[in-house]
Each structure stands twice: as structure tokens, then as C-alpha cells.
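S.K.: Can you read through this structure? Questions will come right after.
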Amino acid sequence: VTNNHSLIVSQLKAGVITVRDGQESKDYFLSDGFLFYNHPTDGSGCCTCEVSAVECVPTSALDKDRAAQVLSELMAAPKDTEWDRARAQLGAALVNQVIKAAE
11 VTNNHSLIVS
21 QLKAGVITVR
31 DGQESKDYFL
41 SDGFLFYNHP
51 TDGSGCCTCE
61 VSAVECVPTS
71 ALDKDRAAQV
81 LSELMAAPKD
91 TEWDRARAQL
101 GAALVNQVIK
111 AAE
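For the sequence shown, our numbering assigns the number 11 to the initial residue and increments by one for each residue that follows.
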């Protein structure tokens, strides 16, 4: 987050975020959530942000093969009702992001 960033709330979609702490950085996969930018709490002018996620896991914990299996199961499942179709569509979108993040 850049210095003196304006305060905003952003909705996050499934994907990877990188958390940096000094020279160290870690990648996490989020299913979805929100990002809140905060004013600096000290004289540095550095803003902070908070991430509120439904699910958040290190990308190293993602299993691409298992995600591909889940995607196959979703696509093969019956799609007779509107709920079945929505489940398959939303599930496929999420699992495709997991596969992309696991590469």
C-alpha cells in the first residue's frame, strides 16, 4: 500500500495476494473477501491494509491435482436444477483460480 493512500474498501475475488514484511514476502490464496485501507497510525505516512477473507491459505498448501479432480467432479455432476447449475458455475470459477494459483 503506498503512502497516504485514500481510504477505500475493495471487494476481492478468488486469487493470490502477496504479503510483504520488509524483505520477506509470502503468497496466499483467497477464495474471496474484502480489503480495507487504513490511515497511518504513526508519523511515517505509511498506510496499512486489512484483509478479511472467507478462506485464506498459503499457496504452498494448494494441491493442483486435487483441484483438477474437484473440477472434473463439478463438471460431471447433474445440472438439472438452477441450484445445480449455479453450484457448478461458481465452483468451477473458484477451482480454476485454485489451479492457476497452484502452478
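Quick reminder that beta carbons are idealized off the backbone N, C-alpha and C, glycines included. All figures in this text were calculated on a predicted structure; none of them were measured in a lab.
#1: With the cut-off set at 7 Å, would you say L45 and C59 are in Cβ contact?
#2: On the premise that N106 lies in contact with L72, defined as a C-beta separation below 8 Å, what is that separation, rounded to the nearest angstrom?
#3: Please report the straight-line C-alpha distance between L22 and D31, rounded to a whole angstrom.
#4: Hey, would you say the C-beta of G53 is under 6 Å away from at least one heavy atom of the ligand GDP?
#5: Going by the DSSP bridge assignment, what does S20 pair with across the sheet?
M.R.: For this structure:
#1: yes
#2: L72 to N106, Cβ: 12 Å. No contact.
#3: 21 Å
#4: In the structure shown, the ligand GDP is absent, as is every other ligand, since no ligand is present at all.
#5: L45
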